[in-house]
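Written below as structure tokens is the structure these notes are about.
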Amino acid sequence: MQKYNFEEMIPRHGTNSAKWCNRNQSIIPLSVADMDIALPDIIITSLSESVQNGIYGYTLLSDNWYDVTANWFMRHYQWYVNPEHIVFCPRVIQAVSLYIQNYTHIGDKITILSPAYSPISQAVVVNQRHLLESELIYHDQQYTIDFADLEHKFSQSVCFILLSPHNPTGTVWSKNDLIKIAKLAEKYQVFIISDDVHADFIFNGQHHQSISTISSFVEQNSFICTSPAKTFNIAGLEVSNIVIANDKHRQKFKHCLIAAGIHNPGYFSVPAFLAAYQRGDEWLNALKIYLQSNRNWVIQTCQRHFPQWHITQSDGTYMLWVDYRDMNISESQLKHWFIELAGIEMSWGSSFGQSGKGFFRINIATPKTRLDEAFKRLIRSNPYYH
1 MQKYNFEEMI PRHGTNSAKW CNRNQSIIPL SVADMDIALP DIIITSLSES VQNGIYGYTL
61 LSDNWYDVTA NWFMRHYQWY VNPEHIVFCP RVIQAVSLYI QNYTHIGDKI TILSPAYSPI
121 SQAVVVNQRH LLESELIYHD QQYTIDFADL EHKFSQSVCF ILLSPHNPTG TVWSKNDLIK
181 IAKLAEKYQV FIISDDVHAD FIFNGQHHQS ISTISSFVEQ NSFICTSPAK TFNIAGLEVS
241 NIVIANDKHR QKFKHCLIAA GIHNPGYFSV PAFLAAYQRG DEWLNALKIY LQSNRNWVIQ
301 TCQRHFPQWH ITQSDGTYML WVDYRDMNIS ESQLKHWFIE LAGIEMSWGS SFGQSGKGFF
361 RINIATPKTR LDEAFKRLIR SNPYYH
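All residue numbers in the sequence shown are consecutive under the UniProt record's numbering, ending with 386.
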């Protein structure tokens with residue numbers, strides 16, 4: 001396997017980065033879910049060649065776009081998808097919102113598992129649908145689904161939004177979990193939107209399983225939302241692919257895209273995507289090994305220096321979900337310590353809903369050197385050390 005330099009420290013201040021936009025440039029952000037790791041050279045070269053063309057006009061998807069996408073699904077998830085079932089959409093959250101706006105009605109109930117990635121929850125609420133949160137059960141540093149509560153919510157809902165793997169907890173749903181969800185969906189005729197953007201980051205040696213493979217009902221009554229954005233750190237290029245097996249749902253969604261004024265991909269989206277999905281496998285495998293090492297190091301460091309923190313046992317995403325409730329401090333006190341004293345920013349649990357309070361999320365997809373510096377600051381500045 002080729003060696004890759006994941007340790008390169010790339011300055012991101014002054015780049016309009018959402019992650020690095022703090023005016024205090026001494027802050028180290030371990031928050032927003034993008035990586036401080038450069039794209040593989042194959043993508044950078046492809047983009048450089050596109051830049052040198054000098055003309056950045058209207059762009060079409062490549063003729064092989066959908067075949068390339070389907071091939072990635074087969075190689076990485078052992079999931080056969082008919083290329084004709086794939087629809088390009090710039091962002092997953094756009095697809096979710098378009099579904100809510102055009103396939104449901106004001107006042108309809110939509111269920112999610114909580115804690116949950118806030119833009120998903122907000123998409124429900126801002127579109128005047130009623131959000132039902134089925135709170136996950138937290139026990140022994142693990143999360144499980146409360147299926148009795150989920151069934152109660154499904155009995156009232158028209159749609160269920162699944163995050164798979166789950167954000168923020170990192171939980172990878174078992175096949176048995178997916179089977180139970182699928183059965184409830186069929187029983188209550190609930191449509192499923194599955195946000196699978198973290199599908200390429202599973203660290204237990206298993207491959208991602210799409211819920212649409214569980215039953216024909218789910219296959220015909222679901223949007224499976226995929227994207228290379230997290231995998232290859234190209235969120236700013238806006239590329240996602242939505243798998244819609246049902247012909248009527250797919251044709252309607254294509255019309256919704258046109259009605260919303262979504263026509264062409266961005267000029268740089270096409271070369272980046274093709275390079276990533278056709279030639280990015282080796283780089284991704286190496287990256288996952290590097291991130292697994294970061295995960296292990298952070299867990300061990302927290303156990304040694306912050307015994308009152310309890311890291312959720314999980315196998316998915318490049319984030320860790322930390323329970324700090326044993327410290328008996330408020331989130332504002334935690335923020336004061338992290339931001340004002342240590343100069344570290346995390347994702348705060350309250351932004352993931354009521355059930356996120358008492359937790360924070362760490363993004364470990366950054367050079368180990370930066371993680372080391374961040375934790376040295378936390379250790380040195382800890383006002384609660386006894």
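Note that CB positions come from ideal geometry on N, CA and C, so glycine has one too.
Buried versus exposed call for residue i [16 or more other C-beta atoms within 10 Å across all chains shown]
{"i": "alanine 272", "result": "buried"}
{"i": "alanine 374", "result": "buried"}
{"i": "glutamate 345", "result": "buried"}
{"i": "arginine 129", "result": "buried"}
{"i": "methionine 35", "result": "buried"}
{"i": "arginine 23", "result": "exposed"}
{"i": "serine 48", "result": "exposed"}
{"i": "aspartate 195", "result": "buried"}
{"i": "alanine 185", "result": "buried"}
{"i": "lysine 3", "result": "exposed"}
{"i": "leucine 378", "result": "buried"}
{"i": "proline 367", "result": "buried"}
{"i": "proline 228", "result": "buried"}
{"i": "glutamate 340", "result": "exposed"}
{"i": "alanine 18", "result": "exposed"}
{"i": "alanine 70", "result": "buried"}
{"i": "alanine 148", "result": "exposed"}
8 Å contact criterion, which residue i and residue j should meet: CB distance rounded
{"i": "proline 115", "j": "glycine 353", "result": "5 Å"}
{"i": "histidine 166", "j": "leucine 113", "result": "7 Å"}
{"i": "serine 210", "j": "valine 92", "result": "About 14 Å separates the two Cβ atoms, so there is no contact after all."}
{"i": "alanine 38", "j": "glutamate 8", "result": "6 Å"}
{"i": "leucine 287", "j": "valine 68", "result": "That pair is no contact at about 20 Å."}
{"i": "glycine 312", "j": "tyrosine 143", "result": "Note that residue 312 corresponds to threonine in the displayed sequence, not to glycine. Correct: roughly 7 Å between the Cβ atoms."}
{"i": "alanine 33", "j": "cysteine 225", "result": "That belief does not hold up - the Cβ atoms of alanine 33 and cysteine 225 are roughly 15 Å apart, past 8 Å."}
{"i": "proline 40", "j": "glycine 280", "result": "6 Å"}
{"i": "tyrosine 117", "j": "leucine 163", "result": "6 Å"}
{"i": "histidine 243", "j": "histidine 85", "result": "Checking the displayed sequence, the identity of residue 243 turns out to be valine instead of histidine. Going by Cβ atoms, the distance from valine 243 to histidine 85 rounds to 6 Å, so yes, they are a contact pair."}
{"i": "valine 270", "j": "leucine 61", "result": "7 Å"}
For residue i, the residue or residues it bridges with in DSSP
{"i": "isoleucine 202", "result": "Gly316"}
{"i": "asparagine 363", "result": "Met319"}
{"i": "serine 240", "result": "Cys89"}
{"i": "threonine 226", "result": "Asn241"}
{"i": "isoleucine 311", "result": "Val322"}
{"i": "serine 134", "result": "Leu113"}
{"i": "serine 347", "result": "Arg361"}
Residue i to residue j span [Cα, whole Å]
{"i": "aspartate 372", "j": "valine 124", "result": "38 Å"}
{"i": "tryptophan 20", "j": "proline 29", "result": "7 Å"}
{"i": "serine 351", "j": "phenylalanine 203", "result": "26 Å"}
{"i": "asparagine 5", "j": "threonine 104", "result": "47 Å"}
{"i": "isoleucine 161", "j": "threonine 317", "result": "18 Å"}
{"i": "asparagine 264", "j": "alanine 235", "result": "17 Å"}
{"i": "histidine 305", "j": "proline 168", "result": "23 Å"}
{"i": "lysine 187", "j": "isoleucine 214", "result": "14 Å"}
{"i": "serine 355", "j": "methionine 74", "result": "36 Å"}
{"i": "residue 411", "j": "aspartate 247", "result": "Here the chain comprises residues numbered 1 to 386, so residue 411 is not present and cannot be evaluated."}
{"i": "histidine 336", "j": "serine 26", "result": "15 Å"}
{"i": "phenylalanine 217", "j": "tyrosine 290", "result": "38 Å"}
{"i": "isoleucine 181", "j": "glycine 170", "result": "18 Å"}
{"i": "serine 155", "j": "isoleucine 110", "result": "11 Å"}
{"i": "tryptophan 348", "j": "glutamine 303", "result": "20 Å"}
{"i": "proline 307", "j": "glutamate 331", "result": "18 Å"}
{"i": "glycine 266", "j": "asparagine 382", "result": "45 Å"}
{"i": "lysine 376", "j": "phenylalanine 253", "result": "49 Å"}
{"i": "isoleucine 299", "j": "alanine 365", "result": "14 Å"}
{"i": "serine 50", "j": "phenylalanine 268", "result": "7 Å"}
{"i": "asparagine 294", "j": "alanine 259", "result": "44 Å"}
{"i": "isoleucine 100", "j": "asparagine 127", "result": "7 Å"}
{"i": "glycine 261", "j": "isoleucine 42", "result": "31 Å"}
{"i": "glutamate 282", "j": "leucine 98", "result": "35 Å"}
{"i": "glutamine 52", "j": "serine 121", "result": "41 Å"}
{"i": "tryptophan 72", "j": "tryptophan 79", "result": "9 Å"}
Nearest residue (CA-CA) to residue i, options the options
{"i": "asparagine 363", "options": "Ser31, Thr111, Glu84", "result": "Ser31"}
{"i": "residue 404", "options": "Pro228, Asn382, Arg361", "result": "Not covered by the structure: residue 404. The range shown for the chain is 1 to 386."}
{"i": "aspartate 146", "options": "Val322, His139, Glu135, Gln156", "result": "Glu135"}
{"i": "residue 391", "options": "Arg370, Leu178, Phe338", "result": "Only positions 1 to 386 of the chain appear in this structure, which leaves residue 391 out of reach."}
{"i": "histidine 198", "options": "Ser212, Ile224, Lys230", "result": "Lys230"}
{"i": "cysteine 159", "options": "Asp315, Gln292, Ala70, Ile106", "result": "Ile106"}
{"i": "phenylalanine 191", "options": "Pro367, Asp315, Asp108, Asn16", "result": "Asp108"}
{"i": "glutamine 141", "options": "Ala185, Lys254, His207, Asp315", "result": "Asp315"}
{"i": "phenylalanine 223", "options": "Gln333, His207, Cys89", "result": "Cys89"}
{"i": "serine 174", "options": "Gln278, His207, Leu184", "result": "His207"}
{"i": "leucine 139", "options": "His310, Glu238, Ala148, Leu178", "result": "It is histidine, not leucine, that sits at residue 139 in the sequence shown. Here the closest residue by C-alpha is His310."}
{"i": "tryptophan 65", "options": "Ile137, Thr369, Ser157, Ala276", "result": "Ala276"}
{"i": "leucine 237", "options": "Ile44, Ala342, Ile258, Gln333", "result": "Ile44"}
{"i": "valine 172", "options": "Asp200, Lys153, Val243", "result": "Asp200"}
{"i": "phenylalanine 232", "options": "Val243, Asn285, Ile258", "result": "Asn285"}
{"i": "tyrosine 77", "options": "Ser212, Ile258, Lys368, Asn102", "result": "Ser212"}
{"i": "tryptophan 297", "options": "Ile329, Thr369, Ala342", "result": "Thr369"}
{"i": "valine 87", "options": "Leu334, Arg250, Ala342, Ile329", "result": "Arg250"}
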